[in-house]
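For the numbering used here, add 19 to where a residue sits in the sequence shown, where the first one is 1. First up is the structure itself, then whatever we jot down about it.
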Amino acid sequence: MTSAPVDAPDVTQQRDADDEEMPRVVITRRRALIFGVFVVSAIAFLYFVLPTISGGTSESIHNLGDGKPGWLVLALVFEGLSFCGYVVLFRTVFVRGKTRLDWRASYEITMAGVAATRLFAAAGAGGVALTAWALRRSGMEPRIVACRIVAFLALLYAVYMGAIVIFGLGLYVGLFPGPAPFAITVVPAIFALVVIVVFLAMTLLPGDAERRIAQWAGGSGRAARIMARLVTIPASAASGVRTAIELVRAREWGVLGAVGWWAFDIATLWACFHAYGPDPPPFAVIMLAYFVGMLGNALPLPGGIGGVDGGMIGAFAALGVSSDYAISAVLTYRAFAFWLPTLPGAVAYFQLRRRVATWRAEHHAAKAAIAQA
20 MTSAPVDAPD
30 VTQQRDADDE
40 EMPRVVITRR
50 RALIFGVFVV
60 SAIAFLYFVL
70 PTISGGTSES
80 IHNLGDGKPG
90 WLVLALVFEG
100 LSFCGYVVLF
110 RTVFVRGKTR
120 LDWRASYEIT
130 MAGVAATRLF
140 AAAGAGGVAL
150 TAWALRRSGM
160 EPRIVACRIV
170 AFLALLYAVY
180 MGAIVIFGLG
190 LYVGLFPGPA
200 PFAITVVPAI
210 FALVVIVVFL
220 AMTLLPGDAE
230 RRIAQWAGGS
240 GRAARIMARL
250 VTIPASAASG
260 VRTAIELVRA
270 REWGVLGAVG
280 WWAFDIATLW
290 ACFHAYGPDP
300 PPFAVIMLAY
310 FVGMLGNALP
320 LPGGIGGVDG
330 GMIGAFAALG
340 VSSDYAISAV
350 LTYRAFAFWL
360 PTLPGAVAYF
370 QLRRRVATWR
380 AEHHAAKAAI
390 AQA
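This is how it looks when you write it as structure tokens:
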């Protein structure tokens, strides 16, 4: 594996990072009111309207307090292990060489990203922005940050897309037991295959594509600058995907954190099904419905509220699972996976602010020492 750039903070490179403010939501009375109305409406829809639409009954809501305690405790343990896998993957990708990012800082960044994801819409954009900000403030160069964020997401979602292909096609051809309607098995599998091919095709872009296109467009003129900006995104994505592939080829054990993140989160849902019934769906059905439902995170909804829940319940219904059973299990799972981590995530958000303030003070002290010297 090629040697990774050292992440040691450089006082000559961190000036812009020191002036960069922490990503945050400006909370006005109107925004708070709109967000509160949305959350209440989403919860009311999920708990009272969705059971009727999906053919369920009010029994699915009343059953929410009747889950078997042992299985619910196990679900809580699984969700905690899922976040442990996320932190391990974070350190494997971002902590390369000398760096300020110890285990505690890694935990704070990942959990603060969870809180930010709850406030921003569209597939965790808030968490990505917060992570990028914290990494730049730690002294990491912007290009390295962009590359490694892409590598992190590539490793994380390679497991996602690969699972949709394996379990979607596996159910359809009878490799795994369970119902296999074409629309819920083959169609998502084709979509996942297209995404995988597109990301692998990015690796064919030369590493010096920005420089080559700028030269082809006329050296240092305006056209060259425009072309260089246009190719920056695919060039950064290509670099990130290549970095992810290099980590796998180097047999970095921490990349298994991506598997752990998804596997233990699915195990949480599996435990929730056991908490409400003696005969849960086949595991392949749980896997596919979980991943198909997670596509709801791409909807412009804060944290995917409503989109993921409804999508997952609809996928289970399409795969022949009782609506009452699916609603009870999915809503309990979402309480563990979505609502429960919000509190430690909010605490980590403020801890990260204090940590970054300490980094900034250290950087200013170093600059003062250089000036005196």
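Glycine included, C-beta positions come from ideal geometry on N, C-alpha and C.
Environment of residue i [buried if 16+ CB atoms lie within 10 Å]
i, result
"His382", "buried"
"Ala380", "exposed"
"Val328", "It is worth fixing the name first, because residue 328 is Asp in this sequence and not Val. The residue in question, Asp328, is buried, as its Cβ has 16 or more Cβ neighbours within 10 Å."
"Val92", "exposed"
"Gly116", "exposed"
"Ile346", "buried"
"Ile389", "exposed"
"Val349", "buried"
"Leu194", "exposed"
"Ala336", "buried"
"Gly146", "buried"
"Gly364", "buried"
"Pro299", "buried"
"Thr204", "buried"
"Val96", "exposed"
"Trp378", "buried"
"Asp85", "exposed"
"Leu394", "Residue 394 cannot be examined here, being either before or after the span of the chain that is shown, 20 to 392."
"Gly315", "buried"
"Arg119", "buried"
"Ala384", "exposed"
"Gly189", "buried"
"Leu174", "buried"
Same chain only: Cβ atoms within 6 angstroms of residue i, ignoring 5 sequence neighbours per side
i, result
"Lys87", "Ala294"
"Trp394", "There is no way to answer for residue 394, as the model of the chain reaches only from 20 to 392."
"Pro207", "Ile183, Gly187 and Val311"
"Arg353", "Asp328"
"Ala94", "Thr287, Ala290, Cys291 and Phe355"
"Gly276", "Gly104, Val107 and Leu108"
"Ala367", "Glu127, Met130 and Ala131"
"Val214", "Met180"
"Pro301", "Pro196 and Gly197"
"Tyr344", "Gly296"
"Val278", "Val178"
"Ala170", "Val112, Gly259, Thr262 and Ala263"
Cβ shell of residue i (< 7 angstroms), same chain only, five flanking positions each side left out
i, result
"Gly339", "Pro198"
"Tyr309", "Ile285, Leu288 and Met331"
"Leu224", "Pro253, Ala254 and Ala257"
"Pro161", "Arg155"
Contact set for residue i: own chain, Cβ-Cβ below 8 angstroms, skip 5 residues either direction
i, result
"Phe201", "Tyr191"
"Thr222", "Ala257, Val260, Arg261 and Ile264"
"Glu98", "Phe283, Asp284, Thr287, Phe355, Ala356, Leu359 and Pro360"
"Phe210", "Ile183"
- For the 8 angstroms Cβ check, are there 3 or more pairs between the region 161-170 and the region 253-263? yes
- Are the region 102-117 and the region 369-376 touching by the rule of at least three beta carbon pairs closer than 8 angstroms? no
- Message: Quick check for students: name the residue ranges of the alpha helix (DSSP H) that lie wholly in the region 125-208, counting only runs of 4 or more.
- Response: 144-156 and 161-191
- Examine the Cβ distances between the region 118-134 and the region 143-160 and report whether three or more of them are shorter than 8 angstroms. yes
- Message: Please give the ranges of any alpha helix (DSSP H) in the region 313-363, keeping only runs that are unbroken, at least 4 residues long and fully inside the region.
- Response: 326-337 and 342-353
- Task: Could you tell me whether the region 295-305 touches the region 130-137, using the rule of 3 or more Cβ pairs below 8 angstroms?
- Result: no
- Residue ranges of each alpha helix (DSSP H) run of no fewer than 4 residues wholly in the region 80-116, ordered along the chain? 88-113
- Task: Can you check the region 242-301 for any alpha helix (DSSP H) of at least 4 residues that lies completely inside it and give the ranges in chain order?
- Result: 275-295
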